[in-house]
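Visitor:
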Amino acid sequence: MKKTFSGICLGLAFWTVQPAAWVQASPVSEAAAQTPAQQVAWWTKVIAERGSESGPYNQRAMAYAALGEFDAALADCTQAIALAPRDAVLYFNRAQVYAAQEKYALMQQDCTQAIALDPRDPDFYLERGEADMALGEVAQAVADYSQALVLAPNQPLYLNKRGLAYNRQGNAVLALADFNQAIVLEPHVSALYSNRGSAYEVQGNLTAALADYRQALSLDAGNVFAKVGCGEVYRQQKKYDAALAADNEALALAPQSLAALNSRGLVWQAMGKYEPALADFSQAIALAPDA
112 MKKTFSGICL GLAFWTVQPA AWVQASPVSE AAAQTPAQQV AWWTKVIAER
162 GSESGPYNQR AMAYAALGEF DAALADCTQA IALAPRDAVL YFNRAQVYAA
212 QEKYALMQQD CTQAIALDPR DPDFYLERGE ADMALGEVAQ AVADYSQALV
262 LAPNQPLYLN KRGLAYNRQG NAVLALADFN QAIVLEPHVS ALYSNRGSAY
312 EVQGNLTAAL ADYRQALSLD AGNVFAKVGC GEVYRQQKKY DAALAADNEA
362 LALAPQSLAA LNSRGLVWQA MGKYEPALAD FSQAIALAPD A
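Right, here's the structure in full:
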């Protein structure tokens, strides 16, 4: 499974892990170089010949997912599970389709089933932690990320994810400990610094927060989260022109960024300019009315 250090969204990617027996006995490598649409056609042909095996359905589901055809991907995942109900990876894969559909309760259920079948795979706990976070079950997410770290210690991604969960709980001390350890292991990942900057901000250490946001941007000038973070720090320091500049840069990169719109709205509000503040807040609400 592709892993992400994103601190802004789930950022789930689709799976690459397949049951070993199927990989050894199938023409996976022949299909791998094809486009997703070609892979759908390829695996449809294989299914016609070997429709009693879970592997081809699993592979075609990947191709459908790459095309954004999640209903078709879900149908194939479910058929693969029907053919091999004891294969934990298949539940894990379907969970990621549910994630793409924002069906987080079902995602959580499939991750739980994967864990029941194979409690030794840390990625299953990581993925359930993502579902926990999306459902607002932050304490359970901390527990899942912690179990992933028991199974695979010193993994920067797992530390980052748990740090984000701690930060969401307002526990800056534990969040900083995880981000510090992750940065020691992966010192060139921009998102780790922007996430640690957020923890410093929760702690009220604006100087350290700004330093981390700037370090994040030195590693990746397109880190929108870091630009918004700079804007938030400048606003709290009453450096409103600098705050507006940072938020405008963030919105130039991501015009529909809720965080950037909200941050800029707060700057306008602090400056007593209520009309542009209302415009930014209204745009953010229009983009995510349930947020």
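Residue numbers (our numbering): 112 to 402.
Even for Gly, the Cβ is constructed at its ideal location relative to N, Cα and C.
(1) Just the Cα atoms here: how many angstroms apart are S165 and A288?
(2) In terms of residues, what are the limits of the alpha helix (DSSP H) holding K156?
(3) If you measure between the beta carbons of F235 and A250, is that distance less than 8 Å?
(4) Mapping the DSSP letters down to three states, classify G166 as helix, strand or coil.
(5) Let me know if L398 comes out buried or exposed under the rule of 16 or more other beta-carbons within 10 Å of its beta-carbon.
(6) When you compare only the Cα positions, how much space is there between L296 and Y385?
(7) Three-state secondary structure (DSSP) at S368?
(8) Whose CA, out of M218, D232 and N306, lies closest to the CA of R239?
(9) Which residue comes first and which comes last in the alpha helix (DSSP H) that contains R279?
(10) Assuming the contact rule is C-beta atoms closer than 8 Å, Y324 and S305 should be a hit. Round their C-beta distance to whole Å, please.
(11) Taking only the alpha-carbon atoms, compute the straight-line gap between G315 and D255 and give it to the nearest angstrom.
(12) Taking the alpha helix (DSSP H) that P387 falls in, what are its first and last residues?
(13) For a test of the three-state rule: what should DSSP assign to W133, helix, strand or coil?
(14) Could you please give the first and the last residue of the uninterrupted alpha helix (DSSP H) stretch that includes R239?
(15) Alpha carbon to alpha carbon, what distance is there between V378 and A332?
(16) What is the DSSP secondary structure of K338, counted as helix, strand or coil?
(17) Can you name, in chain order, every residue of its own chain whose Cβ lies under 8 Å from the Cβ of L275, other than the five neighbours on each side?
(18) Can you find the residues in the same chain that come closer than 7 Å, C-beta to C-beta, to L355, ignoring five residues on each side of it along the sequence?
(19) Identify the continuous alpha helix (DSSP H) that holds V253 and give its terminal residues.
(20) Tell whether a beta-carbon distance below 8 Å holds between A195 and C222.
(21) Report the rounded CA-to-CA distance for L317 versus A263, giving the unit in angstroms.
(22) Does DSSP classify Q348 as helix, strand or coil?
(23) Would you kindly work out how many angstroms separate the C-alpha atoms of L185 and Q348, rounded to a whole number?
(24) Taking all protein chains shown into account, do 16 or more other C-beta atoms lie within 10 angstroms of the C-beta of K338, making it buried, or fewer, making it exposed?
(25) Assuming G308 is part of the alpha helix (DSSP H), what are its boundary residues?
(26) According to the Cβ coordinates, are A259 and S301 closer than 8 Å?
Guide: Answer, in terms of the structure:
(1) In the sequence shown, residue 165 corresponds to position 54, counting from 1. In the sequence shown, residue 288 corresponds to position 177, counting from 1. Just so you know, the alpha carbons of S165 and A288 end up roughly 43 Å apart.
(2) The count along the sequence shown starts at 1 and reaches residue 156 at position 45. Here the alpha helix (DSSP H) through K156 covers P147 to R161.
(3) Numbered from its first residue, the sequence shown carries residue 235 at position 124. Numbered from its first residue, the sequence shown carries residue 250 at position 139. Contact: no.
(4) As a working mapping, residue 166 is identified with position 55 in the sequence shown. Reduced to three states, the DSSP call for G166 is helix.
(5) Taking the first residue of the sequence shown as 1, we reach residue 398 at position 287. L398 is exposed by the Cβ-count criterion.
(6) Residue 296 sits at position 185 when you count from the first residue of the sequence shown. Residue 385 sits at position 274 when you count from the first residue of the sequence shown. Put simply, the backbone Cα of L296 is about 45 Å away from that of Y385.
(7) Mapped onto the sequence shown, residue 368 falls at position 257. In the structure shown, S368 sits in coil (DSSP, three-state: anything other than H, G, I, E or B).
(8) Within the sequence shown, numbered from 1, the residue matching residue 239 stands at position 128. The candidate whose alpha carbon is nearest that of R239 is M218.
(9) Counting from one through the sequence shown, the residue named residue 279 turns up at place 168. Looking at the DSSP string, the run of the alpha helix (DSSP H) that includes R279 is P267 to R279.
(10) Reading the sequence shown from its first residue, position 213 is the one you call residue 324. Reading the sequence shown from its first residue, position 194 is the one you call residue 305. Y324 to S305, Cβ: 6 Å. Contact.
(11) As a first step, residue 315 is located in the sequence shown; it is residue number 204 there, counting from the start. As a first step, residue 255 is located in the sequence shown; it is residue number 144 there, counting from the start. Spanning the two alpha carbons is a distance of roughly 28 Å.
(12) By one-based count along the sequence shown, residue 387 stands at place 276. Element bounds for P387: Y385 to L398.
(13) Indexing the sequence shown from 1 puts residue 133 at position 22. With a pLDDT of 34 at W133, under the threshold of 50, the modelled position of that residue is not reliable, and no figure is offered here.
(14) Against the sequence shown, residue 239 aligns to sequence position 128. Taken as a continuous stretch (DSSP letters only), the alpha helix (DSSP H) holding R239 covers P233 to A245.
(15) As a position in the sequence shown, residue 332 is number 221, starting the count at 1. As a position in the sequence shown, residue 378 is number 267, starting the count at 1. Looking at the two C-alpha atoms, the distance is approximately 22 Å.
(16) As a position in the sequence shown, residue 338 is number 227, starting the count at 1. Here K338 sits in helix by DSSP.
(17) Numbered from 1 along the sequence shown, position 164 holds the residue referred to as residue 275. Within the same chain, L275 has close Cβ partners G118, M244, A286 and N306.
(18) By 1-based counting over the sequence shown, the position of residue 355 is 244. R375 and V378.
(19) Looking up residue 253 in the sequence shown gives position 142. Run containing V253: V249 to L262, per the alpha helix (DSSP H) assignment.
(20) To locate residue 195, count along the sequence shown from 1; it is residue 84. To locate residue 222, count along the sequence shown from 1; it is residue 111. Between A195 and C222, the C-beta gap is not smaller than 8 Å, which leaves the two residues out of contact.
(21) Along the sequence shown, read from residue 1 onward, the residue named residue 317 stands at position 206. Along the sequence shown, read from residue 1 onward, the residue named residue 263 stands at position 152. Going by the C-alpha atoms only, they are around 33 Å apart.
(22) To locate residue 348, count along the sequence shown from 1; it is residue 237. Here Q348 sits in coil by DSSP.
(23) Start at 1 with the first residue of the sequence shown, and residue 185 comes out as number 74. Start at 1 with the first residue of the sequence shown, and residue 348 comes out as number 237. In a straight line, the C-alpha of L185 is about 49 Å away from that of Q348.
(24) If you number the sequence shown from 1, residue 338 lands on position 227. K338 should be labelled buried.
(25) The sequence position of residue 308 within the sequence shown is 197, counting from 1. For G308, the enclosing alpha helix (DSSP H) stretches over residues S301 to Q314.
(26) On the sequence shown, residue 259 is found 148 positions in, with the first residue counted as 1. On the sequence shown, residue 301 is found 190 positions in, with the first residue counted as 1. Not closer than 8 Å, so no.
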